[in-house]
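Heads up: the structure comes next, in structure tokens.
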Ligand SMILES: Cc1cc2nc3c(=O)[nH]c(=O)nc-3n(C[C@H](O)[C@H](O)[C@H](O)COP(=O)(O)OP(=O)(O)OC[C@H]3O[C@@H](n4cnc5c(N)ncnc54)[C@H](O)[C@@H]3O)c2cc1C
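Numbering (the numbering used here), first residue to last: 297 to 718.
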């Protein structure tokens, strides 16, 4: 495989761009693999990559019904942060952020990770107290976190709506400077290329349509490209987990599938250097600016369950209202594109990385709408779980029994309603 570096770019520039290898192969499916990962999104591809890189397991297939990055992996607003407070989550997301910090070098693929600060606006003393508790916990446990007063915030981001008649008056901000954004497609392609170069078969246009099991084990997967067997099978099919779970005859999961939309405006000159987020009562909004200049933003779920990858119009209005209330200068900017993805929303807003009732089946699910930032650590720990057949201690409570054990990892404190866990 051609290594990407300044010299190969220069040399190919001189020689007609003929010296590049394919980024990944397009192999025919084999019938038997050591590990089959269902789902060629970021979590599936990262898992395959770390199975090969960390555990030397290369007899692996990633089975994807569409194309790489065609799911949520390529549809999200790309916010990466690790400002989680609860045990388990905190270590997990901090590990993920550390992997992000070196990901381009590790993959030899520029994922355009840009550490530009994640700025959560605060609108009440109660919100400030809650943020101080969270951000002090982060500092005490080795991550980075800052509280900005209003003067600092005005200096850093002058064009937010600080006016006396602002709909959501701002009193300060909680900031994580190492947080930022990355190019989502590049993450999928980088992991795919890294996994493929170590021998993993990436099988696109290969939908799993049936899951056969016997004596408590998955025996084979029926796919649109033939029957495939894996000694171990991992599900990483964000938003479609309930479907696969039912194919495996396992009943219902504590997960609902909801839709989330993203929006991009026409390109603008540099306007916003940070990721800015606010949430007040029913309003929830986040925004950053892409390298091409488009304002990339989103808000809440569409508020009803569906597997359709398209959004509804009331949320367009809702998000537009949030945008103009916090950044009035966007009032006359035109919306270029918007789309939706399908979210695995769990009852407590937290993910599952665990074994399942079937001996050789492993579950990677329930990422709610925070799974982009999680993808490196998710792949890392899922590969570890599959390779060693036991969860890492930090995942002790991220399994399907946590509700019956009374463990509730509700980071947002929103209660047992999946659609409220943003
Ligand atoms: C609009 C939007 C904004 C978001 N913003 C953020 C954000 O700012 N920050 C953040 O951290 N997270 C964000 N997320 C969440 C994040 O994108 C997801 O949690 C994450 O991408 C899910 O993991 P994945 O990449 O593996 O999923 P996907 O890319 O969806 O991968 C799952 C794959 O499984 C495949 N599949 C499904 N069924 C089958 C089958 N039967 N057979 C074979 N393959 C199958 C699908 O085709 C899909 O490609 C956002 C999501 C959306 C939709």
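Ideal Cβ placement from N, Cα and C applies to all residues, glycine included.
Practice problem: Assign residue 613 to buried or exposed, taking buried as 16 or more other Cβ atoms, counted over all protein chains shown, within 10 Å of its Cβ. | Solution: exposed
Quiz item: Is the Cβ-Cβ distance between residue 478 and residue 364 less than 9 Å?
Solution: no
Quiz prompt | heavy atom of ligand 1 below 8 Å from residue 669 C-beta | solution = yes
Self-check item: Sequence-distant residues of its chain with Cβ nearer than 7 Å to residue 605 (five each side left out)
Solution: These residues qualify, in order along the chain: 636, 637, 638.
Quiz item: If you draw a straight line from the C-alpha of residue 654 to the C-alpha of residue 391, how long is it?
Solution: 29 Å
Quiz item: residue 541 to residue 444, Cα distance in whole Å?
Solution: 45 Å
Quiz item: Should residue 619 go down as buried or exposed, given a rule of 16 or more other Cβ atoms within 10 Å for buried?
Solution: buried
Exercise. Find the nearest neighbour of residue 625 within the set 568, 657, 610, judged by alpha-carbon distance.
Key: Checked all of 568, 657, 610; the closest Cα to residue 625 is 568.
Exercise. Mind reading off the beta-carbon distance from residue 607 to residue 555? Whole number of angstroms is fine, and I expect it under 8 Å.
Key: Approximately 6 Å separates the beta-carbon atoms of residue 607 and residue 555; this is inside 8 Å, confirming the contact.
Exercise. Just mark residue 694 as buried or exposed, buried being the case when its beta carbon has 16 or more other beta carbons within 10 Å.
Key: buried
Exercise. Starting from residue 508, follow the beta strand (DSSP E) in both directions and report where the run begins and ends.
Key: 504-510
Quiz item: Closer than 8 Å: is that where the CB of residue 639 sits relative to any heavy atom of ligand 1?
Solution: yes
Quiz prompt | Where the alpha helix (DSSP H) through residue 638 begins and ends | solution = First-last for residue 638: 631-642, but that is the beta strand (DSSP E), not the alpha helix (DSSP H).
Quiz item: For residue 439 versus residue 472, is the C-beta spacing smaller than 9 Å?
Solution: yes
Quiz item: Hey, residue 505 and residue 515 are a contact pair by Cβ (cut 8 Å); roughly how many whole angstroms apart?
Solution: Contact flag wrong, Cβ pair sits at about 15 Å.
Quiz item: How many angstroms separate the CA atom of residue 651 from the CA atom of residue 696?
Solution: 8 Å
Self-check item: Opening and closing residue of the alpha helix (DSSP H) in which residue 443 lies
Solution: Taken as a continuous stretch (DSSP letters only), residue 443 belongs to no alpha helix (DSSP H), being part of the beta strand (DSSP E) at 442-445.
Quiz prompt | Beta-carbon proximity of residue 339 to residue 590, cut-off 9 Å | solution = no
Quiz item: Span of the beta strand (DSSP E) holding residue 470?
Solution: 468-472
Quiz item: Taking C-alpha atoms, which residue in 598, 442, 435, 671 lies nearest to residue 375?
Solution: 671
Practice problem: Compare the C-alpha of residue 630 against each of 324, 499, 564 and name the closest. | Solution: 564
Quiz item: Buried or exposed: residue 419, going by 16 or more other Cβ atoms within 10 Å of its Cβ?
Solution: Within 10 angstroms of the beta-carbon of residue 419 lie 16 or more other beta-carbons, which makes it buried.
Exercise. May I have a chain-ordered list of the alpha helix (DSSP H) segments no shorter than 4 residues that lie completely inside the stretch 353-387?
Key: Qualifying alpha helix (DSSP H) stretches: none in this window.
Exercise. Return the CA-CA distance between residue 717 and residue 551, expressed in angstroms with no decimal places.
Key: 12 Å
Self-check item: Rounded Cβ spacing between residue 707 and residue 382 (contact assumed at less than 8 Å)
Solution: 6 Å
Quiz item: What three-state label does DSSP hand residue 397 in the structure shown?
Solution: Helix at residue 397.
Quiz item: Leaving out five residues before and five after residue 602 in sequence, what residues of the same chain have Cβ atoms less than 8 Å from its Cβ?
Solution: 553, 554, 555, 638
Quiz item: With DSSP run on the structure shown, which of helix, strand or coil describes residue 626?
Solution: Helix.
Practice problem: Compute every distance between the C-beta of residue 498 and the non-hydrogen atoms of ligand 1, then say whether any falls below 8 Å. | Solution: no
Exercise. Express the C-alpha separation of residue 634 and residue 507 in angstroms, rounding to a whole number.
Key: Cα-Cα distance, rounded: 34 Å.
Quiz item: Between which two residues does the beta strand (DSSP E) carrying residue 528 extend?
Solution: 522-531
Practice problem: Throw me the rounded Cβ distance for the residue 682 and residue 528 pair, which I believe falls under 8 Å. | Solution: 5 Å
Exercise. Let me know the secondary structure DSSP gives residue 572 once reduced to three states.
Key: Strand at residue 572.
Exercise. Verify the CB distance criterion: does residue 434 have a CB-CB separation below 9 Å to chain C?
Key: Any reference to chain C falls outside this structure, which holds one protein chain only.
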